[in-house]
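Our numbering puts the first residue of the sequence shown at 1286, with every later residue one more than the last. Just so you know, even glycine gets a beta-carbon here, dropped at the ideal spot from N, CA and C. Below is one structure, written out as structure tokens, with a few remarks after it.
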Amino acid sequence: MCATMALGLLVLVMVIGVSATLPSQVINCSSGSNNCTVTNSYGTFSDRTTCRVAAAVYPLDEMELLHAVSNASMKKQKMKVVTVYSHGMTKISCPGGPSGTGLAISTERLNHVASIDSASMRITVESGITMSRIVDAAAQVGLAVSHSPYWLGLTLGGVLSTGGHGSSLFGKGSAVHEYVVGMRIVVPSPEPINGYYARIVDLAEDDPDLLAAKVSLGVLGIISQVTLQLEPMFKRSITNRVSLDADFENTIATFGETTEYGDITWYPSQAKVVYRDDFRVHTSIAGDGNNDLFPPQLSLLVESARAVEETFEAMGNSKGKCLLSKIQVTAALQGGGALKNGGDLLGFTGYPVIGNQSKMQGSESCMKGTDDELLTACPWDPQIKGPFFHQTAFSIPLANATSFFVDVKKLRDMDPTALCGAELYGGFLTRFVRESTAYLGKTTDSFQIDMTYYRSRDPNEPRLHEDVFEEIEQMAFFKYNGLPHWGKNRNVGFHGVRDKLGPKGDMFIQVMERYDPDGLLSSEWTDGILGLRGAGVLIEKNGCALEGLCICSMHEHCAPHKGYYCRQGRVFTEARVCRKIDISQANRMDDACWDHADDLSRVWDVNGMVHP
């Protein structure tokens, strides 16, 4: 979960003391710890299928984790790690093999700080601990976590497995894995070692295998402990600067290169850009601010907002979405967004907002405090009928920033109301990530876009301006060769990603096959991402393009009975998108046969590229 979701609904925020609602369990078993289902914090995976496992285990320490992996390995049983809240949108936490036969290994109880060395400024923690607890533990001894995702409710193991990051091109960059200096993982063993069909691998800072382990999709081994490099506590000074979007596409690279913690939020229908001028300052500078991006929100208001959005969708009312997004954005910006100058009581009093890194880098307050039994909640909590959304998240080489945004502006200008729906969820959030040392990390200095937008609870129901969002998605991944965020995205975003990784992808596979030769930690999903064992990520069936399970190649992949037909993109003409048109236009398109016999002149290959 990123800041877009929080900022988009910030106008609805009403914090009730220190109350909150704890998330529901993501593992549910019908018979003790057997016959279980696994889900995520949103209540559904990107393909809406149910993940069933034979059993779940909850190891308390590394030895119990070794036992769990050994027992599964001895039986050749597929297994996967499931974090306590499981914020991944894909099926990365679902074991492979036939449904109901795998093992879920929860890291919920592996949540302790093992040690903090103030002299070396290093902290060693278990993999199931949340980023929030790491940040707090470091702050207690005057140290800071250099970078983190904005949502601190993620576990460290989950962050590392999916390449989680903040925003910066300075130093080593904003990816958490760049600050890993040690890791202990438990891996399966085909043959017994000291009585176990598993072994513990201790990876030091200079071990080349650490480059594979620190972003691994969970297929290399199960992380037991991680050591992170910290730094002395510092403060950050933040000012949100609003500008019109004329020529903003030419400022992106320079802004990222000169603003250590900055990000950019674009509200395309309002032609408005918010630059977050965010710099480090010395701790002697006055200020006790905090950045509460994710406060608890009144469930009733969150549900009401969703009901209004569903009404706009049913009525085809884009202008209603535009009006609501303008109200939300205006209110959020006037109130300082999520920033507060002196804690909850003082609130926002003006810029700059200055505070310790530990209070400015993110939050998770919507699930902290006394349980108030759903009076408030995190807005995406499936226990309430709040937002239900797609999230397309991709990184594109920084050198292509101008071209990408020029293309999206062309789409915007064709219908300025088309992207209001994204503004309800915080607009286009742009963060910055450096080229990574990790094999599955970023292949070059990049800007990352998070685009969150409406998803119907009915998988066969198209949404307003379906075609525009699909064209941006395909443009990002296939015209600009974007890399997906490993923990987000619809299936389309992962199509052909193996080849985008280049030689580093091959190096990762070599390590993976050495650590887990039987593929017990792999699944059909990770095989599809990595291009292994003949697996793929696209699923073709009626309506598949509505959910991003496929790229449409025939009308039935859209919703022709509701007026949505497969058409080519308007700016990125190689895109194939579901567009609402009248029946006469559909008939003319069929006469042209562009998407039938003649369309064979342009086909999507397995790498996601278009060839003449």
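Alpha carbons only, please: which of Glu1755, Lys1360, Asn1396 and Lys1694 is nearest the one belonging to Pro1473? The shortest Cα separation from Pro1473 among Glu1755, Lys1360, Asn1396 and Lys1694 belongs to Lys1360.
Practice prompt. With DSSP collapsed to three states, give me the class of Trp1810.
Written response: DSSP, read as helix, strand or coil, puts Trp1810 in helix.
Could you tell me the alpha carbon to alpha carbon distance between Ala1623 and Ser1358, rounded to whole angstroms? Roughly 47 Å separates the two Cα atoms.
- Message: I'd like the span of the alpha helix (DSSP H) that includes Thr1409, first residue to last.
- Response: Not the alpha helix (DSSP H): Thr1409 falls in the beta strand (DSSP E), residues Arg1407 to Glu1411.
Checklist line | Other residues of its chain near Pro1747: CB distance less than 8 Å, five sequence neighbours each side excluded | finding: Within the same chain, and ignoring the five residues on either side of Pro1747 in sequence, the residues whose Cβ sits closer than 8 Å to its Cβ are Ser1741, Leu1831, Cys1843, Ala1844, Lys1847, Tyr1849, Cys1863 and Lys1865.
- By DSSP, does Thr1322 sit in helix, in strand, or in coil? Collapsing the DSSP output to three states places Thr1322 in a strand.
### 7 Å CB neighbourhood of Ser1528 in its chain, flanking five on each side removed
Val1558 and Tyr1560.
Note to self: Quick check: Ser1522 and Asp1563, are their CB atoms within less than 9 Å of each other?
What the structure shows: Yes, the Cβ-Cβ distance between Ser1522 and Asp1563 is below 9 Å.
Check your understanding: Nearest to Gly1772 by alpha carbon, out of Gly1854, Ser1378 and Asn1320?
Key -> Nearest option by C-alpha distance: Ser1378.
Going by beta carbon distance, what residues of the same chain come within less than 6 Å of His1770, once the five residues before and after it are set aside? In its chain, beyond the 5 residues on either side, Ala1678 have a beta carbon closer than 6 Å to the beta carbon of His1770.
- Item | Runs of alpha helix (DSSP H) lying entirely within the stretch 1544–1622, each at least 4 residues, in chain order | Those alpha helix (DSSP H) runs which fall completely within the stretch 1544–1622 and span 4+ residues are 1584–1600 and 1603–1619.
Q: Tell me Asn1313's beta-bridge partners as DSSP assigns them.
A: Paired residues: Thr1322.
For Asp1735, the three-state DSSP class (helix, strand or coil):
Here Asp1735 sits in strand by DSSP.
Beta strand (DSSP E) containing Lys1764: first to last residue?
Note, Lys1764: premise wrong, no beta strand (DSSP E); not H, not E.
Residue environment, Arg1799, which counts as buried when at least 16 other CB atoms sit within 10 Å: Burial call: exposed.
Residues of its chain near Gly1605, where Cβ-Cβ distance is below 7 Å and the 5 sequence neighbours each way are ignored: Here the set comprises Phe1597.
_Starting from Glu1415, trace the beta strand (DSSP E) in both directions and tell me its first and last residue._
The identity of residue 1415 in the sequence shown is Thr, whereas the question assumes Glu. Careful: Thr1415 lies outside any beta strand (DSSP E) and carries neither H nor E.
### Query
According to the Cβ coordinates, are Phe1690 and Asp1548 closer than 9 Å?
Between Phe1690 and Asp1548, the C-beta spacing is not below 9 Å.
Counting pairs of Cβ atoms below 8 Å between the stretch 1752–1763 and the stretch 1307–1326, do you hit three or more? At 8 Å Cβ cutoff, the stretches do not touch.
Taking C-beta to C-beta, are Thr1335 and Lys1363 nearer than 9 Å?
It is not a contact, given that the beta carbons lie outside the stated cut-off.
Would you report the Cα separation of Leu1683 and Asp1656, rounded to the nearest angstrom?
-> In a straight line, the C-alpha of Leu1683 is about 43 Å away from that of Asp1656.
How far does the beta strand (DSSP E) with Thr1524 in it reach, from first residue to last?
Thr1524 -> beta strand (DSSP E) spans Lys1520 to Leu1529.
With DSSP run on the structure shown, which of helix, strand or coil describes Pro1477?
Note: Pro1477 maps to strand in three-state DSSP.
Exercise for review: Taking Gly1726 as the reference, give the member of Lys1457, Gly1632 and Asn1479 with the closest Cα.
Suggested key: Answer by Cα proximity: Lys1457.
Looking only at its own chain, which residues have a Cβ that is under 6 Å from the Cβ of His1397, when we skip the five neighbours before and after it? Residues Glu1411 of the same chain have their beta carbon placed closer than 6 Å to that of His1397, with the five preceding and five following residues left out of the count.
(Q) Just list the residues that DSSP pairs Ala1483 with in beta bridges. (A) According to DSSP, Ala1483 bridges with Pro1473.
Look up Val1465 in the DSSP assignment and say whether it is helix, strand or coil.
Here Val1465 sits in strand by DSSP.
State buried or exposed for Asp1791, treating a residue as buried only when at least 16 other CB atoms are found within 10 Å of its CB. By the 10 Å Cβ count, Asp1791 comes out exposed.
### Task
Hey, could you find the ends of the alpha helix (DSSP H) Cys1705 is sitting in?
Start and end: Cys1705 to Glu1708.
Assign Gln1795 to one of two classes, buried (16 or more other C-beta atoms within 10 Å of its C-beta) or exposed (fewer than that). Label assigned to Gln1795: exposed.
For Gly1804, tell me which candidate among His1462, Val1504 and Lys1520 has the shortest Cα-Cα distance. Of all alpha-carbon atoms in His1462, Val1504 and Lys1520, the one lying nearest the alpha-carbon of Gly1804 is that of Val1504.
Quiz item: What's the C-alpha gap between Asn1325 and Val1430?
Solution: In a straight line, the C-alpha of Asn1325 is about 26 Å away from that of Val1430.
**Asked** Rounded to the nearest angstrom, how far is the Cβ of Thr1415 from that of Leu1437, given a contact under 8 Å?
**Response** Yes, Thr1415 and Leu1437 are in contact; Cβ-Cβ is about 6 Å, under 8 Å.
Environment of Thr1306 [buried if 16+ CB atoms lie within 10 Å]
Classification of Thr1306: buried, given that the 10 Å Cβ count is 16 or more.
* Can you give the Cα-Cα distance for Ala1571 and Pro1637, rounded to whole angstroms? -> Straight-line Cα distance between these residues: approximately 11 Å.
Inter-residue spacing [alpha-carbon to alpha-carbon] between Tyr1435 and Gly1671:
Cα atoms of Tyr1435 and Gly1671: separation of roughly 21 Å, rounded to the nearest angstrom.
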